[in-house]
Ligand code: ATP
Ligand code: MG
């Protein structure tokens, strides 16, 4: 068929969900590696929970009136049993569910971390996607403020090892439920006295979740919100002492922070400490990491009560910040590119190369693209062009002349002047050891 109209339509990915391709994926792997090492230093172990969870886990865990539950969840009905399932919009609820289900805390508290894709139906824009990735660190079963401080120190040091600057820490204390109730009453009274100034969204929230009004992104409401009663005035001595404990540890570590009394976080499960790491270098999506204490979440999802604290970091935003700060490329190290003149020499060449890889060298072998005919490996000239493109330090030449004498040609690709030399087949491993990177 030659009729154009009969060609199948080109399929493209889902809006707001990104493909991560090389070389970009190298930057991801670098970040992931840094995160794993940093977690290990603090004794946090990796957990992998399913991407799909029962919908009630999020409704109960995050709160019915949160942005995520109200409008951002990818939920669907399992056709086989009618159960409502949801693509995880965050990982804390799933992790707490898993910890309860497996009685993970039976022999003491646990330090855990996760890393992976999350799903929220948001309007896609810079730093905001529908599939995005989070790293999270969670200290489960720890009741003392030292766990809160440790988690903040962990993140703070991660920015340092990534070479990031211009990140500030905002801190607040949400107190305990009774203190929040007293504050909420005062808040409702205040907003009711200024009802006409509220936007439609906030008027609705006044009835459902008035605290959330403080989280508003409407610039017209900022003055009103700034004048609202502050929770800190309702905190009792225990909550204040807890907050002081966190602050003293941060001070001792020279970690600067500002107290932001309006920091409430978007999800319902927090108490006592909440914090965000923010930057002004990413436009309006400036929060790169946020978290806090959630001592009531275990109970909320039907588990045995346990105190806990944690944070989640947006990987896309951290990578974008690295980008903005000029810390972009991670170049792959290639040691050897193998040039093979004809198909007859492939078995011998590929056996030799396997030995070099076993020694830890990075070896790319020339292989035919779409245009090669069955017999030809393509011209040596075009193969050398590929060798240069690969960034390899050396080209190894498996050619006819060389094969007869049981040698391979060696060309130093970083030194144009250097002549091509030769190596006996039997000396290849020793040569490999001699060029190994430390
Ligand atoms: P925001 O106020 O930006 O919507 P949030 O309070 O909804 O953030 P959290 O649920 O606390 O975000 O998630 C922790 C981190 O995950 C955020 O600080 C951010 O870095 C990242 N994040 C959240 N939603 C997205 C998204 N849709 N796309 C990319 N990153 C996101
Ligand atoms: Mg959000």
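In our numbering, the protein residues as written are 5 to 442.
Where a beta carbon is used, it is the ideal one built from N, C-alpha and C, also for glycine.
For residue 235, no beta strand (DSSP E) run applies, since DSSP gives it neither H nor E.
Not one heavy atom of ligand 1 falls within 7 Å of the beta-carbon of residue 83. Within the region 250–286, no run of alpha helix (DSSP H) at least 4 residues long lies entirely inside it. Using a cutoff of 7 Å, the CB of residue 37 does not count as near ligand 1, since none of the ligand's heavy atoms is closer than that.
The three-state secondary structure of residue 43, taken from DSSP, is helix. CA-to-CA, the gap between residue 316 and residue 156 works out to about 11 Å. According to DSSP, residue pairing for residue 28 in a beta bridge does not occur. Collapsing the DSSP output to three states places residue 416 in a strand.
In the DSSP assignment, residue 121 forms a beta bridge with 137. DSSP, read as helix, strand or coil, puts residue 14 in coil.
Boundaries around residue 302 are those of the alpha helix (DSSP H), 301–304, since no beta strand (DSSP E) includes it.
Non-local C-beta neighbours of residue 119 in its own chain, meaning closer than 6 Å and more than five positions away in sequence, comprise 139, ordered along the chain. Excluding sequence positions up to five before and after residue 203, its CB lies within less than 8 Å of the CB of 220, 222, 224 and 225, all in the same chain and listed in chain order. Between ligand 1 and the CB of residue 421, the shortest heavy atom gap is not smaller than 7 Å. A check of alpha carbon separations from residue 238 across 189, 440, 249 and 296 identifies 189 as the nearest. Cβ atoms of residue 314 and residue 292 stay farther apart than 8 Å, at about 15 Å. In this structure, ligand 1 has no non-hydrogen atom nearer than 7 Å to the beta-carbon of residue 77.
Going by beta carbons, residue 338 and residue 368 fall inside the 8 Å limit. DSSP lists 139 and 293 as the beta-bridge partner residues of residue 317. The C-alpha of residue 154 lies about 39 Å from the C-alpha of residue 440.
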